[in-house]
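Participant: Start counting the sequence shown at 766; every next residue gets the next number (my numbering). In this text, a Cβ means the ideal position worked out from N, Cα and C, and glycines have one as well. What you are looking at is a predicted structure, and each value in this text was computed from that prediction instead of being measured.
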Amino acid sequence: MAGMGLGPGIEGEYEFEAFIEYANRVKLSYGDFDALERLVAKYLPTIPMYVCTIKKSNIVKNKSNMYFSRRFTMNHILPNIQLPATIKVYSQNANVVNVKMVMSMSMVKGIPKGGAMITSNWMDVVRQNGMKINEKHVCWFRRNQGGDGGLKLLVDSV
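(1) Could you give the distance in angstroms between the alpha-carbon of R907 and the alpha-carbon of I842?
(2) Run through the DSSP bridge pairs and tell me what L916 is partnered with.
(3) In terms of alpha-carbon separation, which member of K807, R790, R803, Q857 lies closest to C817?
(4) Within the chosen definition, does the region 833-840 reach the region 875-885 through at least 3 CB pairs nearer than 8 Å?
(5) Using only alpha-carbon positions, find the residue among I812, H902, S869, V923 that is nearest to F784.
(6) Whose CA, out of P810, N827, M831, lies closest to the CA of K820?
(7) Please work out which residues of its chain come closer than 7 Å, Cβ to Cβ, to W887, disregarding the five sequence neighbours upstream and downstream, and give them in chain order.
(8) What separation, rounded to the nearest whole angstrom, lies between the Cα atoms of V903 and V825?
(9) With 16 as the cutoff for other CB atoms within 10 Å, does I898 come out buried or exposed?
(10) Please state the DSSP three-state secondary structure of G774.
(11) Locate the beta strand (DSSP E) running through K865, then write down its first and last residues.
(12) Indicate whether V891 and V920 have their beta-carbon atoms separated by less than 7 Å.
Put into structure tokens, the structure is as follows:
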């Protein structure tokens, strides 16, 4: 979000950051920041792009998943799809993987704190994109066109 000191730590607010949500304290280079600005200018997403740094938990074989913050889930995922759900993930190499997205049940002092998680088949997305620890990726949800509604997800490196 603009002005939160995330991203590359650039001071000030940038108009395009209204179209971006940062996860897990992402640190971007100026080149990464410029690439995001170009993506936003090109596509003007209706759902903000979720920018994250890949962690070990995202890519460990047989245990990996992709987690989206509760705020992002409540504001942008749940208004568009009921969980659990199967969604299509499109990779930078044009391959498509069907994954299962569920709502995390994590609680802190009896208060729900969890967000959406991609569980089954996430490892296929990791392999197809050659994801590595500490790389930055953008997850861009788009509304499906057609009768069934729902969401699809595009994943690309920054």
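Facilitator: In this structure, then:
(1) Numbered from its first residue, the sequence shown carries residue 907 at position 142. Numbered from its first residue, the sequence shown carries residue 842 at position 77. Their Cα atoms are separated by approximately 10 Å.
(2) Here the question's residue 916 lines up with position 151 in the sequence shown. R908.
(3) Looking up residue 817 in the sequence shown gives position 52. Measuring from the Cα of C817, the nearest candidate turns out to be R790.
(4) yes
(5) Residue 784 sits at position 19 when you count from the first residue of the sequence shown. Minimum Cα distance to F784 is reached at I812.
(6) Locating residue 820 in the sequence shown gives position 55, counting from the first residue. That would be M831, whose Cα lies nearest to the Cα of K820.
(7) On the sequence shown, residue 887 is found 122 positions in, with the first residue counted as 1. Excluding positions up to five away in sequence, the list reads S829, N830, M831, V864.
(8) Sequence index remark: in the sequence shown, residue 903 carries index 138 (1-based). Sequence index remark: in the sequence shown, residue 825 carries index 60 (1-based). Going from the Cα of V903 to the Cα of V825 covers about 19 Å.
(9) The residue you call residue 898 lines up with position 133 of the sequence shown. When all chains shown are included, I898 counts as exposed.
(10) Here residue 774 corresponds to residue number 9 of the sequence shown, with the count starting at 1. Confidence is the limiting factor: at G774 the pLDDT is only 47, short of 50, which leaves the residue's position unreliable and the question unanswerable from this model.
(11) By 1-based counting over the sequence shown, the position of residue 865 is 100. From DSSP, the beta strand (DSSP E) with K865 extends over 861-868.
(12) To locate residue 891, count along the sequence shown from 1; it is residue 126. To locate residue 920, count along the sequence shown from 1; it is residue 155. No, Cβ-Cβ distance for V891 and V920 is not below 7 Å.
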